[in-house]
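Here the structure comes first, spelled out in structure tokens, and everything after it is commentary.
Residue numbers (our numbering): 197 to 518.
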């Protein structure tokens, strides 16, 4: 039996560094959902100030009928001489913010139980990502209509559609679920942490960018300019996501989709199956190593206390400083 006289030596050749073209191709291949997230957060924050001002303006001029002198002073943050009128307007806005927050959280929380299970079975992440953007686009279009028919439509109509369209399309809950699930499916273990970090960067960086531009744009281009720009960004996000985001196909997903019916009745029956909701809810209470169930329950409780009070109370406090 022949034996080697010398042991194998490790190679000393250094791997070739990719040139700039290869780097660009690699970056392009790794960019998928990130532009969609950026073009979802920026117009959302961008239009927030305009929406708040529109609600305040309508509540003052249409609902309370205080006149241009009082309302112009309130919009310009010079309402020291009209404290009684300012308090009445803020009470009206704060009361409607309460039921608007319920609408924005109750409907998406109900839908996500079915949407999440359906997305896991079928692997369709694109729908979960694009649907909330369509809802935000419809909300911006409704704000343009409400700004055009300013005196014909009261503030209740404006705030209802402000909450209705994002709520029935899943809102930010569906967007976050779909985006991070897509990244988990489409990336390998080596790049997953980096991809999640980049996605979080797009979400967090969009907030200050939109905040900085919102006041300047509202002052110079008004309601129509801000809402139109937001609509264009949402439209770009939808078109980009439709053509460049592809749902991942895995063997497990293909096996799960064999029993999925193609007709509408079968789809609705499968989508709203209580069995899948039960399976979703039991995940948080399933026993696991290292006290996994206890940790999951504590994390969910912490999120409820922290974000629940902040989301519900902060918006009402903010309305007093609009």
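Using N, Cα and C, we set each Cβ at its ideal position, and we do this for glycine too.
Being a predicted model, the structure only gives us computed values, none of them experimental.
Close-in-space but distant-in-sequence residues of the same chain around residue i (CB under 6 Å, 5 per side omitted)
| i | result |
| --- | --- |
| residue 473 | 309 |
| residue 398 | 230, 233, 234 |
| residue 499 | none |
| residue 361 | 331, 334, 335 |
| residue 366 | 304, 307, 327, 328 |
| residue 294 | none |
| residue 467 | 310, 314 |
| residue 349 | 342 |
| residue 570 | Within the shown structure, residues of the chain are numbered from 197 to 518, placing residue 570 beyond reach of any answer. |
Close-in-space but distant-in-sequence residues of the same chain around residue i (CB under 7 Å, 5 per side omitted)
| i | result |
| --- | --- |
| residue 437 | 232, 322, 325, 326 |
| residue 253 | 267, 271 |
| residue 447 | Here the model assigns residue 447 a pLDDT of 48, short of 50, so the residue's position is not dependable, and the following value carries that caveat. Same-chain partners within the cutoff: there are none. |
| residue 392 | 376, 379 |
| residue 312 | 373, 476 |
| residue 247 | 339, 358 |
| residue 320 | 443 |
| residue 285 | 252, 255, 256, 260, 270 |
| residue 371 | 236, 325, 328 |
| residue 411 | 245 |
| residue 394 | 230 |
| residue 337 | 427 |
| residue 224 | none |
The ligand ZN heavy atom lying under 8 Å from the CB of residue i
| i | result |
| --- | --- |
| residue 220 | Among the ligands in the structure shown, none appear at all, so the ligand ZN cannot be discussed. |
Proximal residues to residue i (C-beta, below 8 Å), its chain only, five neighbours per side dropped
| i | result |
| --- | --- |
| residue 288 | 255, 259, 260, 351 |
| residue 264 | 257 |
| residue 250 | 339, 342, 343, 354, 419 |
| residue 460 | none |
Residue burial classification, residue i (beta-carbon count within 10 angstroms, cutoff 16)
| i | result |
| --- | --- |
| residue 332 | buried |
| residue 317 | buried |
| residue 375 | buried |
| residue 513 | Unreliable positioning characterises residue 513 in this predicted model, as indicated by a pLDDT of 44, which lies under 50. A coordinate reading is not provided. |
| residue 314 | buried |
| residue 485 | exposed |
| residue 433 | buried |
| residue 462 | exposed |
| residue 408 | exposed |
| residue 389 | exposed |
| residue 387 | exposed |
| residue 238 | buried |
| residue 228 | buried |
| residue 217 | exposed |
| residue 296 | buried |
| residue 300 | buried |
| residue 441 | buried |
| residue 363 | buried |
| residue 302 | exposed |
Supposed close pair residue i, residue j - CB separation, criterion 8 Å
| i | j | result |
| --- | --- | --- |
| residue 420 | residue 340 | 7 Å |
| residue 369 | residue 304 | 5 Å |
| residue 414 | residue 422 | 5 Å |
| residue 489 | residue 481 | 6 Å |
Neighbour flag for residue i against chain B, beta carbons, 9 Å
| i | result |
| --- | --- |
| residue 444 | The displayed structure is made up of one protein chain only, and chain B is not part of it. |
> Are the segment 237–250 and the segment 417–433 touching by the rule of at least three beta carbon pairs closer than 8 Å?
Replying inline: yes
>> Taking contact to mean 3 or more Cβ pairs, one atom from each stretch, closer than 8 Å, check whether the segment 328–346 and the segment 276–288 are in contact.
In response: no
> Looking at C-beta atoms only, is the number of pairs between the segment 398–407 and the segment 343–360 that lie closer than 8 Å three or more?
Replying inline: no
>> Is it the case that the segment 289–298 contacts the segment 378–396, given that we only count it when at least three CB pairs across the two stretches are under 8 Å?
In response: no
>> I'd like to know if the segment 400–412 and the segment 355–366 are in contact, where contact means that at least 3 CB-CB pairs between them fall below 8 Å.
In response: no
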